[in-house]
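Residues 0 to 206 (numbering that gives the first Met the number 0) are what the sequence shown spells out, left to right. Please read the structure below before turning to the comments.
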Amino acid sequence: MEAQIIPVNFDELADEIKTIYVETRFNAEWSLLEGYHAIGKLLHNYKEQTGMTHRELCAGVGQAINKKSTSLFYAMKFYERFNDINMLPEGKNVSWRGVCHKYLTAPKAEPPTVKGVTFLKDKPFNSVEQERGSKNLDKPMCFLHPDRKAVYHHFPRTKGAGGTKLLPLCGECHGEAHSNPYVYWCGRLWENRYALFNAVIEESEIK
């Protein structure tokens, strides 16, 4: 029977357990990466032979094995970007989640800016009171003409019937929007409609 060395004090016990935990987790993370890399290689080779698209192949295989097609898609992109898994810049000191986040997903686009106006997509307001309660909206200015004072007006979120959002408009813009709404929305606002609904004037511009 193999003799076991028992730690003589609590600190040694804790250190030994921590070492085992770290090594086990490290090995598990790397094994997971190797597994996804191997899956990606199989999928890539099959795609090259059949001419199927990434999404067609991943959707079909995912349905067959009851797995999410997204994971399979990332596995294939992982192999295509790093044919040799040892090419990873971090070496083995990286997780599958880290690889997906850093190398396999597109970066988020920065909110557009127009004439000192920053459009924040994730800052919804449901009422004039809420919107004016924000410290950056105490003095609303027109989003197209930042030198003009504005008042908030309700405009539709979609082309058809539906909810509305508040948008700061000066008198000229408001009149144009009401007199010829189709031209106004399509010509100036539609491409950035979701961002414009939550237009917020930068505090530095309101002085």
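The beta-carbon is built from N, C-alpha and C at its ideal position, and this holds for glycine as well.
Close Cβ partners of Leu87 (< 7 Å) along its chain, the five nearest in sequence each way excluded: Excluding residues within five positions, the ones whose Cβ falls inside 7 Å are Phe81 and Val93.
Simplified DSSP state of Phe72, which is helix, strand or coil: Correct three-state label for Phe72: helix.
Cβ contact (3+ pairs, closer than 8 Å) linking the stretch 34 to 52 and the stretch 69 to 78: Yes, the stretch 34 to 52 touches the stretch 69 to 78.
Coarse secondary structure for Leu103, derived from DSSP in three states: Leu103 falls in the helix class under three-state DSSP.
His100 burial status per 10 Å Cβ neighbour count (16 or more: buried): Per the 10 Å Cβ criterion, exposed.
One or two residues paired with Pro167 in a DSSP bridge: Under DSSP, Pro167 takes part in a beta bridge, and its partners are Tyr151.
Cβ-Cβ distance between Gly39 and Tyr78 below 7 Å: With respect to the 7 Å criterion, Gly39 and Tyr78 are classified as neighbours on the basis of their beta carbons.
Straight-line gap, Thr69 to Cys57 (C-alpha atoms, nearest Å): One C-alpha to the other measures close to 8 Å.
Pairwise C-alpha distance: Thr49 and Glu15: Going by the C-alpha atoms only, they are around 51 Å apart.
Reduced DSSP category for Met207 - H, G, I as helix; E, B as strand; rest coil: As displayed, the chain neither begins before 0 nor continues past 206, which places residue 207 out of reach and without an answer.
Among Cys172, Cys141, Lys91 and Gly97, the one whose alpha carbon lies nearest that of Asn26: It is Lys91 whose Cα lies nearest to the Cα of Asn26.
As assigned by DSSP and simplified to three states, the class of Lys122: Reliability of the predicted coordinates at Lys122 is poor, the pLDDT of 46 falling under 50, and the value obtained from them is presented with this limitation in mind. In this structure, Lys122 counts as coil in the three-state DSSP scheme.
Any chain C beta carbon closer than 7 Å to Arg24: Although the question refers to chain C, the structure presented lacks it and comprises just one protein chain.
Host alpha helix (DSSP H) of Gly97 (start-end): Here the alpha helix (DSSP H) through Gly97 covers Trp95 to Val98.
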